[in-house]
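Taking it in order: structure first as structure tokens, then the write-up.
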Amino acid sequence: MNREVRVRFAPSPTGALHIGGVRTALYNYLLARQLGGKMLLRIEDTDQTRFVPGAEQYIFDSLDWLGIKIDEGVREGGPHAPYRQSERKPMYRQYADRLVAEGNAYYAFDTNDELTAMRERLVAANVPNQQYNAVTRMQMRNSLTLSEAQTQELIASGTPYVIRLKVPRKEEIRLHDLIRGWVMVHSSTVDDKVLLKSDGMPTYHLANVVDDHLMAITHVIRGEEWLPSAPLHVLLYRFLGWEATMPQFAHLPLLLNPDGNGKLSKRFGEKYGFPVFPLNWNGIDAETGNPVQVQGFREAGYLPDALLNFLALQGWNPGTEQELFTMDELIAAFSIERVGKAGTRFDIEKAKWFNQQYLRTRPDAELAVQVLAELGAKGIACTPEKAEKIVRVMKERATFPTELWSEATYFFEAPTSYEEAVVQSKWNPEAARLIGAFNEALAAVEPFTADAIKATLNEVLQKHGVKIGKVLQALRLTVTGVGHGPDLMQIMEVLGKEETTRRIARALNTLKA
């Protein structure tokens, strides 16, 4: 009998959600929707020392903005609540105790000083990996080296202890990964990880395996950084008797810095001026513990569907030339087997291209609302009709919505200065004479549309035997004050006949002087 597909996104509230985590959430979401399954959001907050206030809400807000809908979770509830691991603490103990009782885990009473001394001995002996493992555990203070009576006496006296997994000494651990195929690891390279900490809180390793089992997770899609821990999790599934329902694993490749060196980092983004978080983060830096304010993709002007489309292709290849996908198309096309093994360079220029493409598809009326709001905040009057016309002119060249007004000031203010480089290279007596003739001819243009304006300009130039390239940049200068921008005839149409002719006449007088 086929099981219902169930995936989970399980971030830790230790800081702002990284854009790599967003990609992980997206891939989980695409697979769940494609296969008619459910997506869970579980908050893995077992490490209370790294908890950052506001980080959990930031995760919710980021997923909401991006439109990644959760079926079961902290807010949504569900049959496997609670979905916050700190609230599930009592249930983990029984599984840790069971592992001890069946000889697959043990109590370890080592102090920090004793652990440090053990590592120093290994360093002195030139042992490359200073692990608490099948060899070193027999030299430490734990229930494998102590008698049963000594162990119970220490527990009864309140001596702090942890529970460690007892990793087999000589065994090849096999794992089939949906992206990487068979992964084989010798148990000698796997250390005896702590499963239950001295405060009774489980570590990630125990909690995520127990929760994935109890929540009937069928696919675990997570970052490559968890691949070294996967053999440990395979052992836990086996020791707990859950091998038959162990989820399928897929470890995603890293998102790399644009130069290909290292995992995409906040520092790299700051250095080159692009965000690595979905939303603005005003909180604690997860790396330094210091207060930080960082811009997010939303506040930088990225559209959520453009960002999702871009992220989907940062590691996954649809096998076709198609680049622009709606969410429904991504769901239909996605295949975890077509996710590559190698890390993917984060191409921010490509992200901008996607944003540009999606901005062009936005209805003019929708974008005009944003323009009107921004202009209103600046005290600039504008009608909805004019705002829509401005959007229509500007959006073909814009990458971000902010450019619809930040690059369009000449629609509201006549130029008071003129770009010097253009004046020097394009302004001359002939250009002034032709532009003057054109300005006079505009008086008869009716209706004042871009096509009629262009036809009039061509007639004037043809009459004087001059090609449009000789005067177009100089003409643009008279209307906008700069030598570049969107279609000039459309700009004139939006400005209207009276304002256009006034600006040209003023420029002719000013530049003549």
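Start counting the sequence shown at 226; every next residue gets the next number (this note's numbering).
Glycine included, every Cβ here is placed at the ideal spot set by N, Cα and C.
Does the distance from the C-beta atom of residue i to that of residue j stay below 9 Å?
{"i": "phenylalanine 625", "j": "lysine 575", "result": "no"}
{"i": "tyrosine 635", "j": "alanine 732", "result": "no"}
{"i": "valine 230", "j": "leucine 265", "result": "no"}
{"i": "alanine 531", "j": "phenylalanine 579", "result": "yes"}
{"i": "glycine 245", "j": "leucine 479", "result": "yes"}
{"i": "proline 483", "j": "tyrosine 497", "result": "yes"}
{"i": "glycine 508", "j": "proline 278", "result": "yes"}
{"i": "arginine 366", "j": "glutamate 345", "result": "no"}
{"i": "valine 387", "j": "valine 419", "result": "yes"}
{"i": "phenylalanine 663", "j": "valine 707", "result": "no"}
{"i": "valine 691", "j": "glutamate 665", "result": "no"}
{"i": "phenylalanine 673", "j": "glycine 721", "result": "yes"}
{"i": "leucine 452", "j": "leucine 324", "result": "no"}
{"i": "glycine 668", "j": "methionine 717", "result": "At residue 668 the sequence reads alanine, which differs from the glycine that was named. Going by C-beta atoms, alanine 668 is not nearer than 9 Å to methionine 717."}
{"i": "isoleucine 605", "j": "phenylalanine 559", "result": "no"}
{"i": "isoleucine 573", "j": "phenylalanine 499", "result": "yes"}
{"i": "serine 368", "j": "threonine 376", "result": "yes"}
{"i": "alanine 537", "j": "tyrosine 252", "result": "yes"}
When the Cα of residue i is compared with those of the options, which residue comes out closest?
{"i": "glutamate 724", "options": "Thr705, Leu400, Pro711, Arg346", "result": "Thr705"}
{"i": "asparagine 227", "options": "Leu489, Lys695, Asn253, Ala469", "result": "Ala469"}
{"i": "glycine 485", "options": "Gly568, Ser560, Ala349, Glu613", "result": "Gly568"}
{"i": "isoleucine 615", "options": "Pro654, Gln539, Gly710, Gln547", "result": "Gly710"}
{"i": "isoleucine 561", "options": "Arg570, Asp572, Gln547, Pro543", "result": "Pro543"}
{"i": "arginine 313", "options": "Leu260, Arg492, Val435", "result": "Val435"}
{"i": "aspartate 743", "options": "Ala257, Pro238, Thr274", "result": "The displayed coordinates of the chain run from 226 to 738. Any statement about residue 743 would go beyond what the structure contains."}
{"i": "valine 519", "options": "Ala537, Gly526, Leu533, Glu495", "result": "Glu495"}
{"i": "glycine 303", "options": "Leu439, Leu452, Arg727", "result": "Leu439"}
{"i": "tyrosine 283", "options": "Arg523, His689, Asp402", "result": "Arg523"}
{"i": "asparagine 653", "options": "Gln547, Gln377, Leu700", "result": "Leu700"}
{"i": "leucine 242", "options": "Glu373, Ser490, Leu549, Tyr357", "result": "Ser490"}
{"i": "alanine 657", "options": "Thr703, Ala374, Ile380, Arg587", "result": "Thr703"}
{"i": "arginine 727", "options": "Thr681, Thr384, Lys611, Gly661", "result": "Gly661"}
{"i": "proline 529", "options": "Gln547, Thr545, Arg587, Phe493", "result": "Arg587"}
{"i": "threonine 641", "options": "Asn734, Ala623, Leu369, Ala677", "result": "Asn734"}
{"i": "arginine 617", "options": "Ser650, Gln715, Glu546, Asp402", "result": "Gln715"}
{"i": "tryptophan 407", "options": "Phe493, Glu281, Lys566", "result": "Lys566"}
{"i": "threonine 274", "options": "Gly514, Ile295, Ala639, Lys611", "result": "Gly514"}
Using a Cβ-Cβ cut-off of 6 Å (strictly less than) and excluding sequence neighbours within five positions of residue i, which residues of its own chain qualify?
{"i": "serine 311", "result": "Asp270"}
{"i": "valine 564", "result": "Ile404, Gly540, Trp541"}
{"i": "tyrosine 308", "result": "Arg267, Gly298, Val299"}
{"i": "methionine 409", "result": "Glu397, Arg399"}
{"i": "leucine 371", "result": "none"}
{"i": "lysine 488", "result": "Leu479"}
{"i": "alanine 511", "result": "Thr239, Gly240"}
{"i": "glutamine 595", "result": "Pro626"}
{"i": "alanine 235", "result": "Arg267, Glu269"}
{"i": "alanine 306", "result": "none"}
{"i": "proline 385", "result": "Ser423"}
{"i": "phenylalanine 493", "result": "Asn482"}
{"i": "lysine 651", "result": "Gln698, Ala699"}
Between residue i and residue j, which are expected to be in contact by the criterion C-beta below 8 Å, what is the C-beta distance as a whole number of angstroms?
{"i": "methionine 552", "j": "glycine 292", "result": "7 Å"}
{"i": "proline 609", "j": "leucine 597", "result": "6 Å"}
{"i": "leucine 659", "j": "leucine 629", "result": "Wrong, their Cβ atoms sit about 32 Å apart, outside the cutoff."}
{"i": "phenylalanine 571", "j": "leucine 481", "result": "6 Å"}
{"i": "valine 648", "j": "leucine 736", "result": "7 Å"}
{"i": "leucine 255", "j": "leucine 465", "result": "That belief does not hold up - the Cβ atoms of leucine 255 and leucine 465 are roughly 30 Å apart, past 8 Å."}
{"i": "asparagine 358", "j": "aspartate 417", "result": "6 Å"}
{"i": "leucine 457", "j": "alanine 321", "result": "That belief does not hold up - the Cβ atoms of leucine 457 and alanine 321 are roughly 14 Å apart, past 8 Å."}
{"i": "glutamine 259", "j": "alanine 557", "result": "7 Å"}
For residue i, which residues in the same chain have their Cβ closer than 8 Å to its Cβ, ignoring the five residues on either side in sequence?
{"i": "methionine 619", "result": "Glu628, Leu629, Glu632, Ala633, Pro711"}
{"i": "glutamine 355", "result": "Met343, Arg344, Leu347, Val348"}
{"i": "proline 472", "result": "Asp437, Ile442, Thr443, His444, Val445"}
{"i": "arginine 585", "result": "Lys620, Glu621"}
{"i": "leucine 421", "result": "Tyr317, Arg318, Ala321, Val387, Ile388, Pro427, Thr428, Leu431"}
{"i": "alanine 623", "result": "Gln581, Leu584, Leu629, Glu632"}
{"i": "valine 670", "result": "Ala677, Ile678, Thr681, Lys722"}
Can you name, in chain order, every residue of its own chain whose Cβ lies under 7 Å from the Cβ of residue i, other than the five neighbours on each side?
{"i": "leucine 549", "result": "Asn534, Gln582"}
{"i": "glutamate 613", "result": "Asp589, Ala590, Ala593"}
{"i": "alanine 730", "result": "Asn664"}
{"i": "alanine 250", "result": "Phe234, Leu288, Ile293"}
{"i": "alanine 257", "result": "Val230, Val232, Lys263, Met264"}
For the segment 407-420 against the segment 374-392, are there 3 or more C-beta pairs whose distance is under 8 Å? Three or more beta-carbon pairs drawn from the segment 407-420 and the segment 374-392 are found closer than 8 Å, and the two stretches are therefore classed as touching.
Below 8 Å, can you find three or more Cβ-Cβ pairs linking the segment 416-428 to the segment 311-323? Taking 8 Å as the limit for Cβ pairs, the verdict is that the segment 311-323 does touch the segment 416-428.
Does the count of Cβ pairs from the segment 495-509 and the segment 276-293 closer than 8 Å reach three? Touching, yes, given that three or more Cβ pairs across the two stretches are closer than 8 Å.
Tell me whether the segment 447-454 and the segment 329-336 touch, counting them as touching only if at least three CB pairs, one residue from each stretch, are closer than 8 Å. Contact between the segment 447-454 and the segment 329-336 is absent, because fewer than three Cβ pairs lie under 8 Å.
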